[in-house]
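Peer 1: First the structure, which I've put down as structure tokens, then a few questions once you've had a look.
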Amino acid sequence: MNSSTRELALPATARRLSWQARFAREQIFRRIRKLPRGRLVIEDADGVYRFGSGDERSDLVAQVFVVNEAFYHELASGGSIGAAESWVHGHWRTNDLLKVMQLMAVNIELLNTLDDSSSVLQRLALRMLHALNRNNVPGSRRNIEAHYDLGNELFAQFLDPGMMYSAAIFPRADASLEEASRCKLERICRKLELKSTDHLLEIGTGWGGMAEYAARHFGCRVTTTTISRQQHDYATRRIRDAGLEERVTVLLSDYRELEGQYDKLVSIEMVEAVGHRFLARYFASCARLLKADGLMLLQSILMPDQRYRRARRNVDFIQRFIFPGGFLPSSSALIGHAGEHTDMQLLDTLDITAHYADTLAEWRRRFHRNGDAIRALGYGDDFMRLWDYYFSYCEGGFRERAVGTAQFLFAKPLYRAPAAR
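Counting in the working numbering, the sequence shown runs from 4 upward without gaps.
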């Protein structure tokens, strides 16, 4: 799976492509012939093919080595998802997977034409499978278990020691991932104006990092909820070991099942598991759970507004292989639903997209470094290649701003900012 190898070449004995593969190749090349940004070099048993003038993003050059002609069939029939499947199968290689992902991200409109020309039956099948992953209460539990219950030991191999699985905020270029994660948590707590008298509700526990940080450093009470059994058990042990059981309560409950009212609410990259259909219910639940003078901080990965409608109709690599039932809201969708279905007002936003790219780069580096330990947990080569693709796909998307990340601060009607003096 080592995609960082600098020199790659096809074996001299590689067989020439069949006519079926050449036909599929021609269909693909016809669509990418006028690559608008960057340059792409594809090498197969028949020769070397170059695309893009490089007039825009001349720094971005990606190379693809076709190891098996099935690559062309998979790409022609499956579009971007077919490209991912082909990578997992080992049908193509590259000397820099991140560059390939960046090239895909910066040419997203062209990539969409490849997806639109893929098999109609396959696209319908993907949509039907995704529809079965709807995020009602039982469906949400199944979807979360499919990813987060892969095993705490796996996530420990690439996350920081605090087990934060969300965008960090790097205070300096040379800051460690652990320091950047603490910086993110500190900013969240300060934006929420946490006090020792507050009761904070967290929707989406993760592995308990936010709950522990808020209780330990700000002295507040915390109720945190998750629907992942493994995360619940891990967070419960973590809070017990930290001696914070009197301040922190860890629940195994869906956000729709919660009762009571809280001073502050935080939800860090959990809304992506809600789904567009349930956004109104999500925001209404958050508003119901907040006191009349409460604050809510929401951190979310974002789809650009211009592509949101299309994204809702289609299934991408992440939804197919990584997060079943997942979706990326747009900033307008979040703010619009908050305005329409709650009495909260938007106070502040912070774009942290560049920080997520750096976070993912560090996760991927640790994932590679601990590859042997991950394999020892029972994960095979296909899984390793899939997750290498996942990290690169996401990092490339954030680096080229094909997707974004931001924090949103909302306030209930009776909230009043602290006096300026």
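Beta carbons: idealized from backbone N, C-alpha and C, even for Gly. These numbers were taken from a predicted model, which means no experiment stands behind them.
1. For Tyr418 and Gln302, what's the separation of their Cα atoms in angstroms?
2. Can you tell me the Cβ-Cβ gap for Leu349 and Ala341, rounded? I've got them flagged as a contact below 8 Å.
3. Given a cut-off of 9 Å, decide if Gln66 and Leu101 are closer than it, judged by their beta-carbon atoms.
4. Which of the three DSSP states is assigned to Met213 in this structure?
5. For a test of the three-state rule: what should DSSP assign to Tyr52, helix, strand or coil?
6. Can you name the start and end residues of the alpha helix (DSSP H) that Asp385 belongs to?
7. Check this for me: beta carbons of Gln410 and Ile338, under 9 Å apart or not?
8. Can you give the Cα-Cα distance for Met273 and Met104, rounded to whole angstroms?
9. According to DSSP, which residues form a beta bridge with Trp95?
10. Measuring straight from C-alpha to C-alpha, what distance separates Arg378 and Arg367?
11. Going along the chain, which residues of its own chain have a beta-carbon closer than 7 Å to the beta-carbon of Arg404, five neighbours each way excluded?
12. If I follow the unbroken beta strand (DSSP E) through Asp257, where does it start and stop?
13. DSSP three-state call for Tyr311: helix, strand or coil?
14. Between the C-alpha atoms of Leu254 and Thr352, what's the straight-line distance to the nearest angstrom?
15. Given a threshold of 16 other Cβ atoms within 10 Å of its Cβ, counted over all protein chains shown, does Thr116 qualify as buried or as exposed?
16. Given the structure, does Ala360 come close to the ligand SAH, in the sense that its CB is under 8 Å from one of the ligand's heavy atoms?
17. Using the rule of at least 16 other Cβ atoms within 10 Å of the residue's Cβ for burial, across every protein chain shown, is Trp22 buried or exposed?
18. Quick check: the Cα distance between Thr208 and Thr229, rounded to an integer number of angstroms?
19. What residue ranges within the region 293-372 form continuous alpha helix (DSSP H) runs of no fewer than 4 residues, ordered along the chain?
20. Considering only DSSP beta bridges, list what Thr227 is partnered with.
21. Are Val277 and Met299 closer than 9 Å when you measure CB to CB?
22. Given Ala159, which residues of its chain have a CB within under 8 Å of its CB, disregarding the five upstream and five downstream residues?
23. Roughly how many angstroms lie between the CA atoms of Ala414 and Arg280, to the nearest whole one?
24. Start and end of the beta strand (DSSP E) containing Val44?
25. Taking all protein chains shown into account, decide if Gly400 is buried (16 or more other Cβ within 10 angstroms of its Cβ) or exposed.
26. With a threshold of 16 other CB atoms inside 10 Å of the CB of Arg76, please say whether the residue is buried or exposed.
27. Where Tyr285 and Leu412 are concerned, what is the direct C-alpha to C-alpha distance, given to the nearest angstrom?
28. Rounded C-beta distance between Cys223 and Ser184? I'm assuming under 8 Å.
29. Are three or more beta carbon pairs between the region 238-251 and the region 202-220 nearer than 8 Å?
30. When DSSP labels each residue in this structure, what does Ile377 get in the three-state scheme?
31. Once DSSP output is grouped into helix, strand and coil, what is the label at Gln264?
32. How about Phe330 and Arg315: do their beta carbons lie closer than 9 Å?
33. Buried or exposed: where does Asp384 fall if 16 or more other Cβ atoms within 10 Å of its Cβ makes it buried?
34. Does DSSP classify Val406 as helix, strand or coil?
35. To the nearest angstrom, report how far apart Glu260 and Ser333 are at their CA atoms.
36. With a CB to CB cut of under 7 Å and the five nearest residues on each side skipped, what residues in its chain are close to Gln264?
Peer 2: So, to answer that:
1. 20 Å
2. 7 Å
3. no
4. helix
5. strand
6. 384-402
7. no
8. 25 Å
9. Val69
10. 15 Å
11. Thr356
12. Note, Asp257: premise wrong, no beta strand (DSSP E); not H, not E.
13. helix
14. 29 Å
15. exposed
16. This structure lacks the ligand SAH, and indeed carries no ligand of any kind.
17. exposed
18. 5 Å
19. 308-316, 334-344, 356-372
20. Glu205, Val253
21. no
22. Met166
23. 24 Å
24. 42-47
25. buried
26. Note that residue 76 is His in the sequence shown, not Arg. Counting Cβ neighbours within 10 Å, His76 comes out buried, since at least 16 surround it.
27. 16 Å
28. Rounded, the Cβ-Cβ distance is 19 Å, inconsistent with contact.
29. yes
30. helix
31. coil
32. yes
33. exposed
34. coil
35. 26 Å
36. Leu292, Leu293, Lys294
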